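Following this note's numbering, the numbering of the sequence shown begins with 84 at its first residue and continues without gaps.
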Amino acid sequence: SRYPYSESGEFPSGAGAARLEQLATAAFIAAVTSKLRIVTSVMVVPHRPAVLTAKILATIDYLSKGRLTLGIGAGWCKEEFEAIGAPPFEDRGAVTDEWMMACKELWTKEEPAFNGKYVNFKDVVFTPKPPQGSIPIWVGGESGPALRRTAKYGDGWYPIGTNPQFPMDTLTRFKAGVAKLRGLTEKVGRDPASVALIYRVSSNPEAQPKGTVDGERKLFTGGAADWVGDIRALTEVGVSSFDFGLFGPSLSATIDNTRRFRDEVVSKVR
């Protein structure tokens, strides 16, 4: 499958790069830190059984003293679903919706029970609960279904700006997405202010090509001063968290990018 968040369809770090299992890594980070907030970016929901995964996540949140945020996605790579015996790829949206409802039931109810097409349980004991009450869920995606899922079940919207099919790569486009989300949130009877806004950035030059759209510069292109201005502009729109993927061709290059970002951008917006 083509990677959907770049023009070439290639994953920023390459298809053959080494990758660690996500939740085991989150548990390790929790063990060796005391202040960092740990965010999955993103966990593909249909890859994992709901009840067991809810328990793993609650355990990480408990051991980290409430520092876990769950970024999720419904998935995009059909071959992955087939390789691990996940539910049918075509059902991924419905599976994700049920999974979100079921996990919140387990995390918040003293006598949790759920009866769905893909998730079913009753008469279970689920302790300890997450210290946060419920682990915040940031819903990744920019499509209509992702926005509707966020509006109905999410604690935050977690788009990436570089999806060629649903680009959020200019301030105007992102504002339009926010307006649509807020309308959908009101439609299902929720307060739009209860859904946080997050913006995910890929600074990989191939994934984030320079240029303009209708005369408007693409977000997070140009120099450090442009990036500082983009952070401030998005903050004014309501963005409360940013995720910067400062990829380089090697680990050392990625670390160098991160240090430059700290020195040239972060220091200017604090």
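The beta-carbon is built from N, C-alpha and C at its ideal position, and this holds for glycine as well.
Only a predicted model underlies this, so the values are computations on that prediction, with no experimental measurement involved.
Original post:
Buried or exposed: which applies to E289, given that a residue is buried once 16 or more other Cβ atoms fall within 10 Å of its Cβ?
Top reply: Since pLDDT at E289 reaches only 47, below the 50 mark, its modelled position is unreliable, and the value read off the structure follows with that caveat. It counts as exposed.
**OP:** Would you kindly report the start and end of the unbroken beta strand (DSSP E) that includes A279?
**Re:** Boundaries of the beta strand (DSSP E) harbouring A279: A279 to S285, taken from the DSSP string.
Subject >> CA nearest to the CA of E194, picked from N203, V207 and M183 >> reply: V207
Subject >> Touching by the beta-carbon criterion (3+ pairs, under 8 Å), the region 145–154 and the region 212–224 >> reply: yes
Original post:
Which residue or residues does DSSP assign as beta-bridge partners of M126?
Top reply: I155
Original post:
Of the residues L189, T268 and D252, which one's Cα is nearest the Cα of V236?
Top reply: Going by the sequence as given, residue 236 is Tyr instead of Val. Closest by alpha carbon: T268.
**OP:** Mind checking who F327 pairs with in its DSSP beta bridge?
**Re:** BP columns for F327 point to V284.
Original post:
How close, in whole Å, do the beta carbons of G168 and M126 come, if the pair is a contact with beta carbons under 8 Å?
Top reply: Not really, about 17 Å apart at Cβ, beyond 8 Å.
**OP:** Return helix, strand or coil for N340, following the three-state DSSP convention.
**Re:** helix
Subject >> CA nearest to the CA of E181, picked from A157, G199 and I121 >> reply: G199
Original post:
Once you ignore the five residues that flank V348 on each side, which residues in its own chain have a CB closer than 7 Å to its CB?
Top reply: A307, W310 and V311
Original post:
Taking the C-alpha atoms as reference points, what is the distance between I143 and F111?
Top reply: In a straight line, the C-alpha of I143 is about 9 Å away from that of F111.
Original post:
From G227, R345 and S333, pick the residue whose C-alpha is nearest to that of A101; which is it?
Top reply: Here the closest residue by C-alpha is S333.
Original post:
Distance, Cα to Cα, S91 vs K192?
Top reply: 45 Å
Original post:
Do the region 336–346 and the region 292–304 make contact, defined as three or more Cβ pairs closer than 8 Å?
Top reply: no
Original post:
Among K205, H130, V278 and K161, which residue has its Cα nearest to the Cα of E188?
Top reply: K205
Original post:
Roughly how many angstroms lie between the CA atoms of V122 and G328, to the nearest whole one?
Top reply: 13 Å
Subject >> Rounded C-alpha distance that separates S324 from A234 >> reply: 18 Å
**OP:** Please confirm whether G224 and V261 have their CB atoms less than 9 Å apart.
**Re:** no
Subject >> Y236: first and last residue of the uninterrupted alpha helix (DSSP H) it sits in >> reply: From DSSP, the alpha helix (DSSP H) with Y236 extends over G227 to Y236.
Subject >> K263, DSSP secondary structure in three states >> reply: helix
Original post:
So, helix, strand or coil for Y201, using DSSP?
Top reply: coil
Original post:
So, is D313 buried or exposed, given that buried needs 16 or more other C-beta atoms within 10 angstroms?
Top reply: Buried is the call here.
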